[in-house]
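Mapping of the sequence shown onto full-length UniProt numbering: position 82 corresponds to residue 82, and the numbering continues sequentially without gaps.
Here a beta-carbon is modelled for each residue, glycine too, at the ideal position from N, C-alpha and C.
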Amino acid sequence: MALDDAARQGQAVFDDWLAGLRQLYEVITAQTPEVVLVDEPEPVRAWTESAAKRWQPDAWSRHACDLTLENDPVPRKQAWVTTTQVNFCALAFPSVVSGHPDQAALLVLGHYLRNAWLHRVIREQGGAYGGGATQDSGAGVFKFYSYRDPRLGDTLDDFRRAIDWVCSSPVDPDALEEAILGVISGLDKPRSPAGEALGVHQERLFGRTDAYVEGLRQQVLGTTAEDLRRVAETWLANGEAAEAVVTSEAGAASLAARGFERFELNG
Numbered sequence: 001m002a003l004d005d006a007a008r009q010g011q012a013v014f015d016d017w018l019a020g021l022r023q024l025y026e027v028i029t030a031q032t033p034e035v036v037l038v039d040e041p042e043p044v045r046a047w048t049e050s051a052a053k054r055w056q057p058d059a060w061s062r063h064a065c066d067l068t069l070e071n072d073p074v075p076r077k078q079a080w081v082t083t084t085q086v087n088f089c090a091l092a093f094p095s096v097v098s099g100h101p102d103q104a105a106l107l108v109l110g111h112y113l114r115n116a117w118l119h120r121v122i123r124e125q126g127g128a129y130g131g132g133a134t135q136d137s138g139a140g141v142f143k144f145y146s147y148r149d150p151r152l153g154d155t156l157d158d159f160r161r162a163i164d165w166v167c168s169s170p171v172d173p174d175a176l177e178e179a180i181l182g183v184i185s186g187l188d189k190p191r192s193p194a195g196e197a198l199g200v201h202q203e204r205l206f207g208r209t210d211a212y213v214e215g216l217r218q219q220v221l222g223t224t225a226e227d228l229r230r231v232a233e234t235w236l237a238n239g240e241a242a243e244a245v246v247t248s249e250a251g252a253a254s255l256a257a258r259g260f261e262r263f264e265l266n267g
């Protein structure tokens, strides 16, 4: 709930909202703090000596606490209304997280669908400014999307037709190779020295070591046509998806028959 919404609903609602923030603050500050410094060797040594004097042992004696989130049911079909002449569409399926054996094939599938089918159907034929599909292993979802799209329901239907297409049509070897190279390019994307160091630190917090990245790279390079069909059938063809759009009043009204729930997008 936003601050202005809580304030408008009365003191009791506002107090509950504020209590939630205090609880979140307590969860965050109960964790063991970490400091990451990226610099030349000599400044790092000097700063480390200074930090050792300033940071007392009790500052590091905390430990990670359990974070329990309520699994509140949310509408699986949402239409967010704002002032717009174009639409933004999304379709998401629960999939896998980092380290799962199907992660590599799903990463390749996202590139394959975008290059071989969605670009032509969503952008060239449908008129959207852009669109595609991607595997988000951080969130554990496989997502279809379009943006600045003149269409709405037809685009959502095309997302599902893309799944039928990849499950029933022969996989184009050239398009598969292009998709694999696209994933590898993302894995090997150059970063600044500081960005590289911070990225490695963040990855290792989640157990994604150099060996993990190399293993994922080899899995991507070894992805086959059969792998694409298998993960599409396993995670997309029979999966329960969530749909969401950003649209106009008229767009939301046109989706009411599909069971979409209307929400107001302020600001």
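Compare the C-alpha of residue i against each of the options and name the closest.
i           : options                          : result
Val108      : Ser185, Ala179, Ala232 and Leu18 : Ala179
Pro33       : Asp39, Leu205 and Gly182         : Leu205
Ala105      : Ser137, Ser168, Glu42 and Thr83  : Ser137
His100      : Thr29, Gln11, Tyr212 and Gln9    : Tyr212
residue 268 : Val27, Val86, Leu255 and Thr155  : With the chain covering 1 to 267 only, the question about residue 268 has no answer from this structure.
Gln85       : Glu233, Leu181 and Val245        : Val245
Val183      : Asp210, Gln219 and Glu42         : Gln219
Arg151      : Gly199, Val231, Glu49 and Gly251 : Gly251
Ser173      : Glu226, Val200 and Ala19         : Correcting the residue identity first, residue 173 is Pro in this sequence and not Ser. Of the listed residues, the one whose Cα sits closest to Pro173 is Glu226.
Glu233      : Val121, Arg208 and Ser169        : Ser169
Glu214      : Leu198, Gly199 and Leu187        : Leu187
Gly207      : Val121, Ser98, Lys189 and Ala253 : Ser98
Cys89       : Glu203, Glu177, Asp157 and Asp39 : Asp157
Under 8 Å by Cβ, that's how I've got residue i and residue j pegged, so tell me the actual separation to the nearest angstrom.
i      : j      : result
Ala133 : Gly110 : 5 Å
Gln103 : Leu216 : 7 Å
Gly140 : Ser95  : 6 Å
Glu240 : Gln78  : Actually they are not in contact, since the Cβ atoms of Glu240 and Gln78 sit about 15 Å apart, beyond 8 Å.
Arg76  : Ala242 : 5 Å
Arg22  : Gly153 : Rounded, the Cβ-Cβ distance is 43 Å, inconsistent with contact.
Asn87  : Thr247 : 5 Å
In this structure, what does DSSP give as the bridge partners for residue i?
i      : result
Tyr145 : Ala90 and Gly132
Phe263 : Trp80
Glu243 : Lys77 and Leu91
Can you find a CB in chain E that lies within less than 8 Å of the CB of residue i?
i      : result
Glu249 : Annotation note: the requested chain E is absent from the structure, which comprises a single protein chain.
Could you pull out every residue in the same chain whose Cβ sits closer than 7 Å to the Cβ of residue i, ignoring the five residues on either side in sequence?
i      : result
Leu113 : Ala133, Ala162 and Val166
Ala237 : Ile163 and Cys167
Arg123 : Gly130 and Gly131
Ala175 : Tyr112, Asn115 and Ala116
Phe159 : Leu91 and Phe144
Val44  : Leu37
His201 : Val36
Leu265 : Trp80, Val81, Thr82 and Val246
Ser254 : Leu152 and Gly153
Leu198 : Val36 and Val38
Ile28  : none
Looking only at its own chain, which residues have a Cβ that is under 8 Å from the Cβ of residue i, when we skip the five neighbours before and after it?
i      : result
Trp235 : Phe93, Pro94, Ser95, Val96, Asp102, Leu106 and Phe142
Ala51  : Val35
Arg229 : Val166, Cys167 and Val171
Glu249 : Val81
Phe263 : Gln78, Ala79, Trp80 and Val81
Leu221 : Ile180 and Ile184
Trp47  : Leu37 and Asp39
Discussion item. If contact is defined by three or more beta carbon pairs under 8 Å, each pair taking one atom from either stretch, is the segment 188-202 in contact with the segment 145-157?
Written reply: no
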